[in-house]
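**Student:** I have a structure here, written as structure tokens, and I will follow up with some questions on it.
2 protein chains.
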Amino acid sequence: MIELKDIYKVYGMGEVDVVALDGVNLKIKRGELVSIMGASGSGKSTLLHILGCLDSATQGAYLLEGNDVTHLADRELSRIRNQHFGFVFQSYNLLPNMTALENVEEPLVYANVAKRERRKRAAIQLERVGLGDRLNHFPSQLSGGQQQRVAVARALVNEPTLLLADEPTGNLNTEAGDALLTILSELHTEGMSIVMVTHDPHVASLAERQILLEDGQVTKDAPLTER
Amino acid sequence: MIELKDIYKVYGMGEVDVVALDGVNLKIKRGELVSIMGASGSGKSTLLHILGCLDSATQGAYLLEGNDVTHLADRELSRIRNQHFGFVFQSYNLLPNMTALENVEEPLVYANVAKRERRKRAAIQLERVGLGDRLNHFPSQLSGGQQQRVAVARALVNEPTLLLADEPTGNLNTEAGDALLTILSELHTEGMSIVMVTHDPHVASLAERQILLEDGQVTKDAPLTER
Ligand SMILES: Nc1ncnc2c1ncn2[C@@H]1O[C@H](COP(=O)(O)OP(=O)(O)OP(=O)(O)O)[C@@H](O)[C@H]1O
Ligand SMILES: Nc1ncnc2c1ncn2[C@@H]1O[C@H](COP(=O)(O)OP(=O)(O)OP(=O)(O)O)[C@@H](O)[C@H]1O
Ligand SMILES: [Mg+2]
Ligand SMILES: [Mg+2]
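Those sequence lines, one after another, are chains A and B.
When the letters of the first sequence are read in order and numbered with this note's numbering, they come out as residues 115 to 341.
When the letters of the second sequence are read in order and numbered with this note's numbering, they come out as residues 115 to 341.
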């Protein structure tokens, strides 16, 4: 489904470049549940952004369903993302001037879904993450964990085939975190591919395959059963 | 040192009010290390904001070193905060147009410390949290965990007597999280009072006293040794 070939991502910082990804080779099959762990600053979010076509590599190739998408125009990448990917950002990236409901509707606006249907689907996802009574709150009127759950609802509303989640339980207590993992588990059983960056070994144990990133390189990539 | 008496915090949301704190009574002694845990949305961040004089209660009294600060003017509260409190926000609240170094210098600017001394002290704190090589990065050029560590460095630079930290290890892997807890431990040994909101039982186990918040009420408040 996805193949990253010899991916480098370098940030030019004047005198000193930061090599965030230092030669990454990775294949992700349809329907896989993969976790990515690694130290703070090791390149996890950068890798997720490249996988989600949100950022382009400095060097290397990205093949999506066999098609080279490495050099596609922004507009085409945007369309692919909207149709196939769901993204939960490490800092949620909610629009501050829109309510929880409007934030979750947003991917459906892009996909030209009619208003009534959008409202309905967005409300369903918010109910699912336990925020049915917070639809009209603005992000600043929500707790950290609630904002995180709105971000999850938004990532799921377009029924993506691939979910890319960056620390999806980072601001959730055990109970809310487990509730979220149950949702992800169900979606995985229904066929969704999931790539999750996490620091939580509990979350990582949900994955069938665990990747370890160290200084921009994949140093471990193994099925969970081998441990 | 701190006493909260019958604190209520209610957010008016039109037809339905949100009672974030529902009658909280709490005393914190000088030099204590307290952890606050609770479900997502239970009122932890709200409680921390009130303790840090960043927000005023709807009802109830706040006594700081025996003085009623409940109705102080913003400017006076600001001065008290800058002199005595260090705050690590759940969403870091870094200024996007300032570098890591400048962000950490900021409380010292408010305190009228000379530029050379500010730079020196800010650099020391950033070194301490392992970001000595990221001084001139802007927040958008830092990983999530790096931004979190800049927020910690900023909270400590003015040598506060009380540190209020909201999920200080939420975006840190075990290694970086433990490094942070070691720093907090040392500061505590040197006399700092610390109130930490956390979902991580590992972090909570550092505390000598654990508070549980449920739906805006303190339902447990016990020394760690009693468990
Ligand atoms: N400005 C606001 N207006 C309205 N409601 C608010 C506002 N800020 C917070 N709330 C609500 O108050 C409750 C408590 O929020 P708070 O941020 O204190 O929770 P929390 O315990 O820190 O949660 P988390 O673990 O998810 O960070 C939540 O239900 C939230 O929706
Ligand atoms: N725009 C940028 N410009 C310069 N350096 C950057 C930029 N974005 C990230 N970096 C650097 O690239 C490295 C990898 O960042 P990344 O966000 O991928 O780490 P991470 O593994 O997600 O860390 P964390 O666990 O703390 O979230 C970090 O050292 C960071 O400082
Ligand atoms: Mg990250
Ligand atoms: Mg909170």
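Here a beta-carbon is modelled for each residue, glycine too, at the ideal position from N, C-alpha and C.
The structure presented is a predicted model; accordingly, all values stated were derived computationally and were not measured.
1. What is the residue span of the beta strand (DSSP E) that residue 186 of chain B lies within?
2. Does the beta-carbon distance from residue 314 of chain B to residue 203 of chain B come in below 8 Å?
3. For residue 200 of chain A, list the residues DSSP reports as bridge partners.
4. Would residue 307 of chain B pass as a contact of residue 338 of chain B if the rule is Cβ separation under 8 Å?
5. Let me confirm a value: residue 160 of chain A is counted as buried when at least 16 other C-beta atoms fall within 10 Å, else exposed. Which label applies?
6. Spatial neighbours of residue 329 of chain B within its chain, please: CB distance less than 7 Å, with the 5 preceding and 5 following residues excluded, ordered by chain position.
7. With respect to the alpha helix (DSSP H) encompassing residue 220 of chain B, which residues constitute its N-terminal and C-terminal limits?
8. What in chain A is Cβ-close to residue 290 of chain B, meaning under 7 Å?
9. Using the DSSP secondary-structure output, state which residues sit across from residue 175 of chain A in a beta bridge.
10. So the alpha helix (DSSP H) residue 299 of chain A belongs to, where does it begin and stop?
11. Three or more C-beta pairs under 8 Å: does that hold for the stretch 296 to 304 of chain A against the stretch 192 to 203 of chain B?
12. Do you know offhand how far residue 201 of chain B's Cα is from residue 269 of chain B's?
13. Under 8 Å Cβ to Cβ from residue 163 of chain A, same chain only, skipping five residues before and after it: list those, please.
14. Run through chain B and tell me which residues come within less than 7 Å of residue 260 of chain A, C-beta to C-beta.
15. Could you tell me if residue 127 of chain B is buried or exposed, where buried requires 16 or more neighbouring beta carbons within 10 angstroms of its beta carbon?
16. Taking one C-beta from the stretch 145 to 152 of chain A and one from the stretch 174 to 184 of chain A each time, how about it: are there three or more such pairs within less than 8 Å?
17. Check the DSSP bridge columns for residue 242 of chain A and list the partner residues they point to.
18. CB residue 124 of chain B to CB residue 132 of chain B, shorter than 8 Å?
19. When the cut-off is 8 Å and only beta carbons count, does residue 125 of chain A lie next to chain B?
20. Mind checking who residue 337 of chain A pairs with in its DSSP beta bridge?
21. Going by beta carbon distance, what residues of the same chain come within less than 8 Å of residue 213 of chain B, once the five residues before and after it are set aside?
22. Tell me the DSSP secondary structure of residue 266 of chain A in three-state form.
23. Given that residue 217 of chain A touches chain B, what residues does it touch there, using C-beta distances under 9 Å?
24. Between residue 158 of chain B and ligand 4, is the CB less than 7 Å from at least one heavy atom?
25. When Cβ atoms are compared, which residues of the stretch 255 to 284 of chain B fall closer than 9 Å to chain A?
26. In chain B, which residues lie with their C-beta within 7 Å of the C-beta of residue 319 of chain A?
27. What do you reckon, are the CB atoms on residue 321 of chain A and residue 147 of chain A nearer than 8 Å?
28. Is residue 156 of chain A helix, strand or coil when you go by DSSP?
29. In its own chain, which residues sit with a C-beta less than 6 Å from the C-beta of residue 141 of chain A, not counting the 5 before and 5 after it?
30. Contact defined as beta carbons within less than 8 Å: I believe residue 235 of chain B pairs with residue 222 of chain B. What is the distance between those atoms, to the nearest angstrom?
31. Would you give the residue range spanned by the beta strand (DSSP E) that residue 227 of chain A belongs to?
32. If residue 317 of chain B and residue 283 of chain B are in contact, beta carbons under 8 Å, what's the gap, nearest whole angstrom?
33. Could you list which residues in chain B have their beta carbon closer than 8 Å to that of residue 327 of chain A, in chain order?
34. Distance check for residue 240 of chain B and residue 206 of chain B, CA to CA, integer angstroms please.
35. Any heavy atom of ligand 2 within a distance shorter than 7 Å of the CB on residue 278 of chain A?
36. Determine, using beta carbons only, whether residue 204 of chain B comes closer than 8 Å to chain A.
**Tutor:** According to the data block:
1. From DSSP, residue 186 of chain B is part of no beta strand (DSSP E); its letter is neither H nor E.
2. No, these two residues do not count as a Cβ contact at 8 Å.
3. Its beta-bridge partners are A:277.
4. Annotated as distal: residue 307 of chain B and residue 338 of chain B, with beta-carbon spacing of 8 Å or more.
5. Buried, by the Cβ-count rule.
6. 136, 156
7. 214 to 224
8. 153, 154
9. A:119
10. 288 to 303
11. no
12. 5 Å
13. 169
14. 154, 155
15. Residue 127 of chain B counts as exposed, since fewer than 16 other beta carbons sit within 10 angstroms of its beta carbon.
16. no
17. In DSSP, residue 242 of chain A forms no bridge with anything.
18. Less than 8 Å separates the beta-carbon of residue 124 of chain B from that of residue 132 of chain B.
19. yes
20. For residue 337 of chain A, which the question treats as bridged, DSSP gives the partners A:323.
21. Excluding sequence positions up to five before and after residue 213 of chain B, its CB lies within less than 8 Å of the CB of 249, 250, 251, 252, all in the same chain and listed in chain order.
22. DSSP places residue 266 of chain A in helix when its eight states are reduced to three.
23. Result: empty, since nearest Cβ-Cβ is about 16 Å, beyond 9 Å.
24. yes
25. 255, 256, 257, 258, 259, 260, 261, 262, 263, 280, 281, 283, 284
26. Going along chain B, no residue has its Cβ under 7 Å from residue 319 of chain A, so there is no contact; the nearest lies around 14 Å.
27. yes
28. coil
29. Once the five neighbours on either side are set aside, the close Cβ partners of residue 141 of chain A are 117.
30. Right, their Cβ atoms sit about 6 Å apart.
31. Premise fails: residue 227 of chain A is in no beta strand (DSSP E) and is neither H nor E.
32. Correct: roughly 6 Å between the Cβ atoms.
33. The premise fails here: residue 327 of chain A is roughly 10 Å from chain B at the closest Cβ pair, so nothing lies under 8 Å.
34. The alpha-carbon atoms of residue 206 of chain B and residue 240 of chain B are separated by roughly 15 Å.
35. no
36. yes
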